[in-house]
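Colleague: My questions all concern the structure below.
Protein chains in written order, with my numbering: chain A, 70 to 275; chain B, 70 to 275.
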């Protein structure tokens, strides 16, 4: 399927409530891909049923801060007194193995990745409308009206950053969005700048 | 399927013998696309069974040269004393209707399109190897060894121009190549620069 050998770093991002997680799950259920999900690292306590290395890598605050200091976090942020982030070494390991590494992260984190990994593919998962986003947040039923209003304001600011991404995929239907992401990955592998060297080599050999 | 409304101009090109025509036919048989094929114009005589406007638009030498003079040919070339080319007006008409217009043309013609239509998507259909190309030309059985050798030399020069294209699709298997082209078209429609304006409008309306 792929023309080149190195894996791609695929950054899925977008406002909270847009359904990034659902799109990512649908993507991983699709056939004919070679995707791996980058497990995040956090300082929060594991919840019942969560396994270290599956949902998250659970570390202490000291360990996390040491990683930041050593430049070993690809991106990170602090929410409600806990760190969340992507350890760089795991990502690089998988890319070298030719895997497509998928990050599903907040807009703030995606902007950090953009500074460090120029070659990554940035996909903005967008709501079909602000109304749709609001409805989705309401239907979760876990947040106050005030919190939902705040999230919508934040989403609008984040949508204002969509121009920083390579692609915009509107999450009108989850399977459609996942299909588009697969198409983007295939197309990216066929890009001339990624294939030309390998292709020239191929022709010399014969 | 598409996020934006204007159609894309898709230029399929590559060395003679690479199987451009077969890939294009497979592409048009696929479902879920909105592709139209741009019929070329020529000054050569119609062959038995050929219909004006289907295989080619058949015109006189004078008509063709007038079109060149008026800047109404998107690309053209002369082979064995006959002109072949793509009339610009038909292409523009279809693009405005939101169709994806597919040109299947020689490398020389693709270079002309590149100068005129910066926004077109250039896809280089490449042989898996020079050997494969040679074998294909042999199996046609219509050309002398000398002619095949010449074609291979020309193909090598044309492959040297692959870096001018946006994508390289190796024609290892026709269905695979057609799949990749569909993926490229979907991905191109999701590109931020094509979608951002429409997307912003969508969010303002609500």
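Each residue gets a CB set at the ideal place from its N, CA and C atoms; glycine is no exception.
Against chain B, with Cβ distances strictly below 8 Å, would residue 243 of chain A count as a contact?
Modeller: Taking the first residue of the first chain as 1, we reach residue 243 of chain A at position 174. Residue 243 of chain A does not count as touching chain B.
Colleague: Among A/268, A/236, A/246, A/147, which has the Cα closest to the Cα of residue 266 of chain B?
Modeller: Translated into the one-based positions of the second chain, residue 266 of chain B becomes position 197. With distances taken between Cα atoms, residue 266 of chain B lies closest to A/236.
Colleague: Can you tell me whether residue 109 of chain A is buried or exposed, with buried defined as 16 or more other CB within 10 angstroms of its CB?
Modeller: In the first chain, the residue the question calls residue 109 of chain A occupies position 40. Burial call: buried.
Colleague: What in chain A is Cβ-close to residue 253 of chain B, meaning under 7 Å?
Modeller: Here residue 253 of chain B refers to the residue found at position 184 when the second chain is read from its first residue. Correct list: 256, 259.
Colleague: Can you check whether the C-beta of residue 235 of chain A is within less than 8 Å of a C-beta belonging to chain B?
Modeller: Position 166 of the first chain, counted from the first residue, corresponds to residue 235 of chain A. Yes, residue 235 of chain A lies at the interface with chain B (some Cβ there is under 8 Å from its Cβ).
Colleague: Looking at chain A, is there any beta carbon in it that lies within less than 8 Å of the beta carbon of residue 285 of chain B?
Modeller: Nothing about residue 285 of chain B can be reported from this structure: the residues present for chain B run from 70 to 275 only.
Colleague: Based on the DSSP output, what are the partners of residue 260 of chain A in its beta bridges?
Modeller: The count along the first chain starts at 1 and reaches residue 260 of chain A at position 191. Its beta-bridge partners are B/236.
Colleague: Which parts of the region 203 to 238 of chain B are runs of the alpha helix (DSSP H), unbroken and 4 residues or longer, counting only runs that do not cross its ends?
Modeller: Runs of the alpha helix (DSSP H) lying entirely within the region 203 to 238 of chain B, each at least 4 residues long, are 214 to 228 in chain order.
Colleague: Quick one, which of A/254, A/262, A/228, A/91 has its alpha-carbon nearest residue 176 of chain A's?
Modeller: One-based indexing of the first chain puts residue 176 of chain A at position 107. It is A/228 whose Cα lies nearest to the Cα of residue 176 of chain A.
Colleague: Evaluate contact between the region 174 to 193 of chain A and the region 73 to 88 of chain A, counting only Cβ atoms and requiring at least three cross-stretch pairs below 8 Å.
Modeller: yes
Colleague: Do we get a CB-CB distance below 8 Å when we pair residue 71 of chain A with the residues of chain B?
Modeller: Stepping through the first chain from its first residue, residue 71 of chain A is reached at position 2. For residue 71 of chain A, the pLDDT reaches just 46, beneath the cut-off of 50, and the residue's location in the model is therefore unreliable, leaving the point undetermined.
Colleague: Could you give the DSSP three-state label for residue 87 of chain A: helix, strand or coil?
Modeller: The sequence position of residue 87 of chain A within the first chain is 18, counting from 1. Note: residue 87 of chain A maps to coil in three-state DSSP.
Colleague: By DSSP's criteria, residue 111 of chain A is part of a beta bridge. Which residues make up the other side?
Modeller: On the first chain, position 42 is the one that residue 111 of chain A refers to. DSSP, once it has assigned bridges, lists A/127, A/153 as partnering residue 111 of chain A.
Colleague: For the beta strand (DSSP E) containing residue 170 of chain A, name the first residue and the last one.
Modeller: The residue labelled residue 170 of chain A in the question sits at position 101 within the first chain. Run containing residue 170 of chain A: 169 to 174, per the beta strand (DSSP E) assignment.
Colleague: Alpha carbon to alpha carbon, how far is residue 233 of chain B from residue 169 of chain B? Give it in angstroms, no decimals.
Modeller: As a working note, residue 169 of chain B is residue 100 in the second chain. As a working note, residue 233 of chain B is residue 164 in the second chain. Roughly 21 Å between the two C-alpha positions.
Colleague: Is the CB of residue 174 of chain A under 8 Å away from at least one CB in chain B?
Modeller: Walking along the first chain from the start, residue 174 of chain A turns up at place 105. The beta carbon of residue 174 of chain A does not come within 8 Å of any beta carbon belonging to chain B, so the residue lies off that interface.
Colleague: Taking the beta carbon of residue 70 of chain A as the centre, do at least 16 other beta carbons fall within 10 Å, making it buried, or is it exposed?
Modeller: By one-based count along the first chain, residue 70 of chain A stands at place 1. The predicted position of residue 70 of chain A is uncertain, since its pLDDT is 39 and thus under 50; a value taken from the coordinates is nonetheless stated next. Here residue 70 of chain A is exposed. Its C-beta has fewer than 16 other C-beta atoms within 10 Å.
Colleague: Is there a Cβ of chain B sitting closer than 8 Å to that of residue 249 of chain A, yes or no?
Modeller: What you label residue 249 of chain A is simply residue 180 of the first chain in a count that begins at 1. With 8 Å as the cut-off, residue 249 of chain A counts as an interface residue toward chain B.
Colleague: Given a cut-off of 8 Å, decide if residue 92 of chain B and residue 81 of chain B are closer than it, judged by their beta-carbon atoms.
Modeller: Here residue 81 of chain B is taken as the residue at index 12 of the second chain, counted from 1. Here residue 92 of chain B is taken as the residue at index 23 of the second chain, counted from 1. Yes.
Colleague: Are residue 151 of chain A and residue 211 of chain A closer than 8 Å when you measure CB to CB?
Modeller: Taking the first chain and counting its residues from 1, the one referred to as residue 151 of chain A is at position 82. Taking the first chain and counting its residues from 1, the one referred to as residue 211 of chain A is at position 142. Taking 8 Å as the Cβ cut-off, residue 151 of chain A and residue 211 of chain A do not qualify as a contacting pair.
Colleague: Quick check: what's the CA-CA separation for residue 157 of chain A versus residue 104 of chain A?
Modeller: Here residue 157 of chain A refers to the residue found at position 88 when the first chain is read from its first residue. Here residue 104 of chain A refers to the residue found at position 35 when the first chain is read from its first residue. Whole-angstrom Cα-Cα distance: 17 Å.
Colleague: Using a Cβ cut-off of 8 Å (strictly closer), state whether residue 211 of chain A contacts chain B.
Modeller: As a first step, residue 211 of chain A must be located in the first chain, where it is residue number 142. So, not an interface residue.
Colleague: Taking the alpha-carbon of residue 231 of chain A as reference, which of A/196, A/159, A/141, A/241 has the nearest alpha-carbon?
Modeller: As a position in the first chain, residue 231 of chain A is number 162, starting the count at 1. Taking residue 231 of chain A as reference, the option from A/196, A/159, A/141, A/241 with the minimal CA-CA separation is A/196.
Colleague: Would you kindly report the start and end of the unbroken beta strand (DSSP E) that includes residue 142 of chain A?
Modeller: Residue 142 of chain A sits at position 73 when you count from the first residue of the first chain. Counting along the chain, the beta strand (DSSP E) containing residue 142 of chain A begins and ends at 142 to 148.
Colleague: Decide if residue 166 of chain A is buried, meaning its Cβ has at least 16 other Cβ atoms within 10 Å, or exposed.
Modeller: By 1-based counting over the first chain, the position of residue 166 of chain A is 97. The C-beta of residue 166 of chain A has fewer than 16 other C-beta atoms within 10 Å across all chains shown, which makes the residue exposed.
Colleague: Would you say residue 194 of chain A reaches chain B, if we count a Cβ-Cβ gap shorter than 8 Å as a contact?
Modeller: Walking along the first chain from the start, residue 194 of chain A turns up at place 125. Closer than 8 Å: no.
Colleague: Below 7 Å CB to CB, which residues in the same chain sit around residue 75 of chain A once its five sequence neighbours on both sides are set aside?
Modeller: Position 6 of the first chain, counted from the first residue, corresponds to residue 75 of chain A. Excluding sequence positions up to five before and after residue 75 of chain A, its CB lies within less than 7 Å of the CB of 164, 167, all in the same chain and listed in chain order.
Colleague: For residue 259 of chain A, tell me which candidate among B/182, B/263, B/248, B/199 has the shortest Cα-Cα distance.
Modeller: Start at 1 with the first residue of the first chain, and residue 259 of chain A comes out as number 190. Checked all of B/182, B/263, B/248, B/199; the closest Cα to residue 259 of chain A is B/248.
Colleague: In terms of alpha-carbon separation, which member of A/139, A/162, A/242, A/214 lies closest to residue 198 of chain A?
Modeller: For the purposes of this step, residue 198 of chain A is taken as residue 129 along the first chain, with counting starting at 1. Nearest to residue 198 of chain A by C-alpha distance, out of A/139, A/162, A/242, A/214, is A/242.
Colleague: Which one of B/208, B/201, B/268 has the shortest CA to CA distance from residue 239 of chain B?
Modeller: Along the second chain, one-based indexing puts residue 239 of chain B at 170. Among B/208, B/201, B/268, the Cα nearest to that of residue 239 of chain B is on B/201.
Colleague: Would you identify the three-state DSSP class for residue 195 of chain A, choosing helix, strand or coil?
Modeller: Reading the first chain from its first residue, position 126 is the one you call residue 195 of chain A. Residue state, collapsed to three classes: strand.
Colleague: With a threshold of 16 other CB atoms inside 10 Å of the CB of residue 214 of chain B, please say whether the residue is buried or exposed.
Modeller: Here residue 214 of chain B refers to the residue found at position 145 when the second chain is read from its first residue. Residue 214 of chain B comes out exposed.
Colleague: Are residue 115 of chain A and residue 127 of chain A touching if we call contact CB-CB under 8 Å?
Modeller: Here residue 115 of chain A refers to the residue found at position 46 of the first chain. Here residue 127 of chain A refers to the residue found at position 58 of the first chain. Cβ atoms of residue 115 of chain A and residue 127 of chain A: closer than 8 Å.
Colleague: May I ask you to list, following chain order, the residues of the region 78 to 105 of chain A that have a beta carbon less than 9 Å from some beta carbon of chain B?
Modeller: none
Colleague: Give me the Cβ distance between residue 171 of chain B and residue 144 of chain B, rounded to the nearest whole Å; I'm assuming they're in contact under 8 Å.
Modeller: Within the second chain, residue 171 of chain B is the residue found at index 102, counting from 1. Within the second chain, residue 144 of chain B is the residue found at index 75, counting from 1. Not quite, the Cβ-Cβ distance comes to about 14 Å (not below 8 Å), so this is no contact.
Colleague: Do we get a CB-CB distance below 8 Å when we pair residue 217 of chain B with the residues of chain A?
Modeller: Within the second chain, residue 217 of chain B is the residue found at index 148, counting from 1. So, not an interface residue.
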